[in-house]
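Q: Starting off with a structure, shown below.
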Amino acid sequence: ETKKEVDCQSKGLQAVPPGIPVDTAMLRLDFNKFKSLDATAFASLGSVTYLGLESAGIDRLSAGVFDRLNNLDKLYLNDNRLQSVPHGAFDRLGKLQTIDLTSNPWDCSNCSILYLSDWIRENANKVKMDLGSGNFQTDPDGVTCSDGKVV
């Protein structure tokens, strides 16, 4: 059985559209204009294993936004405008194997960065950088602050 894919890339979306089938496994929302993702954005999408949010214009994640994604194993948040993530943002992602957080202006002058810094250290093998053509490199030091220091 093929996994259900929903491709909403490059649609100029400002919010996750309603009506995404609950059995969706691969959700591509890259290259949109979200700004923020609210806590219920993915509430009914527990089957999603792949969530693409690359270059999606995101500058804020609401607390709990990923909490219902218990099957998620790949999360792409690279090339956004994130300066921090809510405390506990990734704690419920028990199946996560790959996360790309590169190319965000992380604000390391704010103590809210401590959760992310600790999470990266504890999950270093999951923090990867996309090298293109489906190739990834484990790169926890590739997640850098807006001042260039490693998160």
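Each residue of the sequence shown is one higher than the one before, starting from 4 at the first, in my numbering. C-beta: ideal position from N, C-alpha, C; glycine also. Every value quoted in this text rests on a predicted model; they were computed, and no experiment measured them.
Which term fits Ala92, buried or exposed, when burial requires 16 or more other beta carbons within 10 angstroms of its beta carbon?
A: Its Cβ being crowded by 16 or more others within 10 Å, Ala92 is buried.
Q: Pull up the distance between the alpha-carbon of Ala18 and that of Leu80, whole angstroms please.
A: Their Cα atoms are separated by approximately 15 Å.
Q: Once the 5 residues before and after Gln12 are set aside, which same chain residues still bring their CB inside 8 Å of it?
A: Arg31, Leu32, Asp33, Phe34, Asn35, Gly55, listed in sequence order.
Q: Can you have a look at Thr27 and say buried or exposed, based on whether 16 or more other CB atoms are within 10 angstroms of its CB?
A: Looking at its Cβ environment, which holds 16 or more other Cβ atoms inside 10 Å, Thr27 is buried.
Q: Report the rounded CA-to-CA distance for Pro143 versus Thr105, giving the unit in angstroms.
A: If you take the alpha carbons of Pro143 and Thr105, they lie about 9 Å apart.
Q: How is Asn113 classed by DSSP in three states: helix, strand or coil?
A: Coil, per DSSP.
Q: For Asp41 and Arg84, I'd like the C-alpha separation in whole angstroms.
A: Straight-line Cα distance between these residues: approximately 16 Å.
Q: Please list the terminal residues of the continuous beta strand (DSSP E) segment that includes Gly22.
A: Where Gly22 is concerned, there is no enclosing beta strand (DSSP E), given that its DSSP letter is neither H nor E.
Q: Are there 16 or more other CB atoms within 10 angstroms of the CB of Cys111, so buried, or fewer, so exposed?
A: Cys111 comes out buried.
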